[in-house]
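Working notes for the structure below.
Protein chains in written order, with our numbering: chain A, 121 to 432; chain B, 55 to 411; chain C, 3 to 93.
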């Protein structure tokens, strides 16, 4: 069931997921959503009872937009700290904020930023690390990623003993969840772009504007909509790496199917899952922690695809 | 296909033994008409044999070459030399559609428009001598329907003991075609049973495994469990995903002889099951068992670029087939019981392929 | 010529002879295209044909000893790979 409507306030709204949009051609002005389109989008959200998330560009919006934006309960995803509920940043160095932070990074920057991330964990209430090059991970990268997660886990455990509850999506989400919790693109969440058309998620819009799933005038028209649901995802419905973003756009890019994740996506998610398991077990050695959460089981695989014979 | 492309494809496959752990392999040559290129096929087969042996590849102990031909040049010397050279590892099927009238509806020479039946049928005796257990495969489209009964009986009379036949999955069916299929199959059932053909012959239209609700969740089609290579050296999960086989969609390439297989693109094929790609109506269908699909046709007709949306163009034809099967098996088993031959029949009955591409 | 069922072998025994049968056929067909020019491979093939032939015969000897199948003068045994059944072929 639809629950969320993401409204991109501009064609240049900040990307907060794995896709890095191509920069606009030189000299092309940004494309702000027309005020009337914004109003219609908000009306659509109200009628469909959707929670709205605005995604901002990196400039100040004209004054008349503020009143319209505030006409419905919402959250703000911004490329600047001020006024954001979620701040999307391209730099992790010396970061400090009292809102959730999304740091988009490629693997190399991630591997080079261990100290900065550890420092950030003490200075932000929640850090979401979003990898922009998942599909390029090699076996060597997986090993580096495993080591890095272990280093973060050690630090988070230390913070916990000091009474600081720090959140890092890659490690702490899995401990908190009781079922899969992913972006829900095309299922629970859709995106409205400045052109008045709906998309499965912002990445589908940034990649190909013709790839829409309806518009404000005619309503939604999601073809094969069942394929965005977990029940129709043959690998994911058997998986318990519940923190995995299960990025629909990346699925389609790598496997050509929205319901099938790549090998790299699955392995990364399971390295995170296993590191979460270790972290949970280690924290529990010091006392009661998340008593309502079940133990994360030990498993002997990193890609559930390799176990398909047990469920096919 | 050039020799260079063929060689690179073989080199890739045989040098990646871990990626192909299956115990056995079938090297299948399809055209057009493959025997027009028998020299190339011969060279390829020799190279495969030599390479497998040199590499101590596990397939050397379990391989087959397979060819489906229209049978026109079957008796040519170089074709016969190839057959004799590879006989113990060769499976070779000649496609003959039935009676002359039925065969010549679809199989005509380019230019003259003359039917090929006469040129094929004269090669059947030699073919059956060399491959006594071979079957023929016949696909049925709308215009073929009135000739089913006479064609199957004709093929039996030529000495072909197994006739594999199925309706095409494409949406070619007209109003009333299901009734024609059912009528033809009922007539065929009477002919097979009344003339005792069931003792030595089999037609895959009749199978005890069709009808009834879904029993398992397996995918029907084998796409993705095979590797198809085109003349340019591109890899596909089945030839049905090559450009020349598709009407609406772009080709779906999963690799090539230079870069190898993109395993991520293969994942969706290897995760396919019945329920994930079927509509609620199909899952709940009371006669779903044996109702098949072609993954390539599904892809070509899907509303999005997916292999996970099943085409149901064959629905009414399958239901007609189920009704005719009910008649066939009820009539046959009653006869066998009355004649005290049921046990003997069950012990010796021929297993037929449920469906063919 | 008549055929008569005289026994069975286990699936493992069947697999063993089927593999040897396939290999023997493979070597035989390879021999048709391999010439002495390719000395190393040719040597390997000749040796392999001998060894495979011996293993093939050893299997029949071992099984005949183990199962004591019925036999006749001038007759031979055949195996049906699908079932593992042994048939006595009488001239």
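We put the CB at the ideal spot given by N, CA and C, even for glycine.
CA-to-CA distance, residue j to residue i, given in whole angstroms
{"i": "residue 72/B", "j": "residue 315/B", "result": "13 Å"}
{"i": "residue 45/C", "j": "residue 26/C", "result": "16 Å"}
{"i": "residue 342/A", "j": "residue 357/A", "result": "21 Å"}
{"i": "residue 251/B", "j": "residue 75/B", "result": "41 Å"}
{"i": "residue 80/C", "j": "residue 66/C", "result": "12 Å"}
{"i": "residue 291/A", "j": "residue 242/A", "result": "15 Å"}
{"i": "residue 55/C", "j": "residue 10/C", "result": "22 Å"}
{"i": "residue 307/B", "j": "residue 396/B", "result": "50 Å"}
{"i": "residue 235/A", "j": "residue 272/A", "result": "10 Å"}
{"i": "residue 391/B", "j": "residue 384/B", "result": "11 Å"}
{"i": "residue 369/A", "j": "residue 126/A", "result": "15 Å"}
{"i": "residue 155/B", "j": "residue 50/C", "result": "52 Å"}
{"i": "residue 43/C", "j": "residue 172/B", "result": "46 Å"}
{"i": "residue 57/B", "j": "residue 98/B", "result": "8 Å"}
{"i": "residue 130/B", "j": "residue 60/C", "result": "41 Å"}
{"i": "residue 267/B", "j": "residue 337/B", "result": "8 Å"}
{"i": "residue 28/B", "j": "residue 372/B", "result": "Missing from the structure shown is residue 28/B; chain B here goes from 55 to 411 and no further."}
{"i": "residue 357/B", "j": "residue 275/A", "result": "49 Å"}
Under 7 Å from the C-beta of residue i: neighbouring residues of chain B
{"i": "residue 45/C", "result": "Ordered by position in chain B, no residue passes the 7 Å Cβ test against residue 45/C, which lies about 12 Å from the chain."}
{"i": "residue 379/A", "result": "362"}
{"i": "residue 375/A", "result": "318, 319, 321 and 322"}
{"i": "residue 428/A", "result": "324 and 325"}
{"i": "residue 354/A", "result": "325, 327 and 330"}
Interface partners of residue i on chain B, CB under 9 Å
{"i": "residue 318/A", "result": "Residues of chain B passing the Cβ test: none, with the nearest at roughly 15 Å."}
{"i": "residue 432/A", "result": "271, 272, 273, 324, 325, 326 and 327"}
{"i": "residue 383/A", "result": "317, 318 and 321"}
Contact set between residue i and chain A, taken where Cβ atoms lie within less than 9 Å
{"i": "residue 290/B", "result": "Correct list: empty, because the minimum Cβ distance to chain A is about 13 Å."}
Integer Cβ distance of residue i from residue j, believed to fall under 8 Å
{"i": "residue 261/B", "j": "residue 350/B", "result": "No, residue 261/B and residue 350/B are not in contact; Cβ-Cβ is about 23 Å, not under 8 Å."}
{"i": "residue 322/A", "j": "residue 355/A", "result": "About 24 Å separates the two Cβ atoms, so there is no contact after all."}
{"i": "residue 149/B", "j": "residue 125/B", "result": "7 Å"}
{"i": "residue 170/A", "j": "residue 129/A", "result": "That pair is no contact at about 16 Å."}
{"i": "residue 107/B", "j": "residue 152/B", "result": "The pair is not a contact, with the Cβ atoms about 42 Å apart (cut-off 8 Å)."}
{"i": "residue 313/B", "j": "residue 256/B", "result": "Actually they do not touch by this definition, with Cβ atoms about 44 Å apart."}
{"i": "residue 102/B", "j": "residue 64/B", "result": "6 Å"}
{"i": "residue 287/B", "j": "residue 323/B", "result": "Not confirmed; about 20 Å, so no contact."}
{"i": "residue 249/A", "j": "residue 230/A", "result": "7 Å"}
Chain C contact residues for residue i, given Cβ-Cβ distances below 8 Å
{"i": "residue 114/B", "result": "25 and 28"}
{"i": "residue 151/B", "result": "Residues of chain C passing the Cβ test: none, with the nearest at roughly 29 Å."}
{"i": "residue 103/B", "result": "28, 31, 32 and 35"}
{"i": "residue 244/B", "result": "Simply none; closest approach about 31 Å."}
Proximal chain A residues relative to residue i, where beta-carbon distance stays under 7 Å
{"i": "residue 190/B", "result": "The contacting residues do not exist; residue 190/B stays about 32 Å from chain A at best."}
{"i": "residue 358/B", "result": "343 and 344"}
Chain-ordered chain C contacts of residue i [CB-CB under 9 Å]
{"i": "residue 139/B", "result": "31, 34 and 35"}
{"i": "residue 107/B", "result": "28, 29, 32, 36, 43, 46, 47 and 50"}
{"i": "residue 143/B", "result": "24, 27, 28 and 31"}
heavy atom of the ligand HEM below 7 Å from residue i C-beta
{"i": "residue 354/B", "result": "Ligands are entirely absent from the displayed structure, and the ligand HEM is therefore not among its contents."}
If you measure beta-carbon to beta-carbon, which residues of the region 20-33 of chain C are closer than 7 Å to chain B? Cβ proximity to chain B below 7 Å picks out 21, 24, 25, 27, 28, 31 and 32 from the region 20-33 of chain C.
Residues, ordered as in the chain, of the region 336-351 of chain A that lie near chain B by beta-carbon distance below 7 Å: Within the region 336-351 of chain A, the residues whose Cβ lies closer than 7 Å to some Cβ of chain B are 343, 344 and 347, listed in chain order.
So if I threshold CB-CB distances at 8 Å, which residues from the region 281-306 of chain B count as touching chain A? Taken in chain order, the members of the region 281-306 of chain B whose beta-carbon sits within less than 8 Å of a beta-carbon on chain A are 306.
Short of 9 Å Cβ to Cβ, which residues in the region 404-429 of chain A face chain B? Going along the region 404-429 of chain A in chain order, one finds 425 and 428 with a Cβ nearer than 9 Å to chain B.
Taking only runs that begin and end inside the region 60-102 of chain B, name each unbroken beta strand (DSSP E) of 3 or more residues, in chain order. Taking 3 residues as the shortest admissible run, the region 60-102 of chain B contains the following complete beta strand (DSSP E) segments, listed from N- to C-terminal end: 79-83.
What residues in the region 82-102 of chain B have a beta carbon less than 8 Å from any beta carbon of chain C? Listed in sequence order: 100.
Ignoring anything shorter than 4 residues, give me the alpha helix (DSSP H) runs that lie fully in the region 225-301 of chain A, in order along the chain. Counting only runs of 4 or more residues that sit fully inside the region 225-301 of chain A, the alpha helix (DSSP H) segments are 227-231, 234-243, 259-281 and 289-296, in chain order.
Which runs of the alpha helix (DSSP H), 4 residues or longer, sit entirely within the region 190-236 of chain B? Segments of the alpha helix (DSSP H) lying fully in the region 190-236 of chain B: 202-211.
Complete runs of the alpha helix (DSSP H) confined to the region 357-395 of chain A [at least 4 residues]: Within the region 357-395 of chain A, the complete alpha helix (DSSP H) runs of at least 4 residues are 368-375.
Entirely within the region 91-174 of chain B and at least 4 residues each: give me those alpha helix (DSSP H) ranges in chain order. For the region 91-174 of chain B, whole alpha helix (DSSP H) runs of length 4 or above, ordered along the chain, are 92-108, 131-140 and 154-160.
Fully enclosed by the region 346-386 of chain B, which alpha helix (DSSP H) runs are 4 residues long or longer? The region 346-386 of chain B contains these whole alpha helix (DSSP H) runs: 349-355.
My parser needs the beta strand (DSSP E) runs of 3 or more residues fully inside the region 166-224 of chain A; what are they? Runs of the beta strand (DSSP E) inside the region 166-224 of chain A: 171-175, 194-198 and 206-209.
Could I get the ranges of all uninterrupted beta strand (DSSP E) runs contained in the region 226-312 of chain B, with 3 residues as the minimum, in chain order? Those beta strand (DSSP E) runs which fall completely within the region 226-312 of chain B and span 3+ residues are 288-290.
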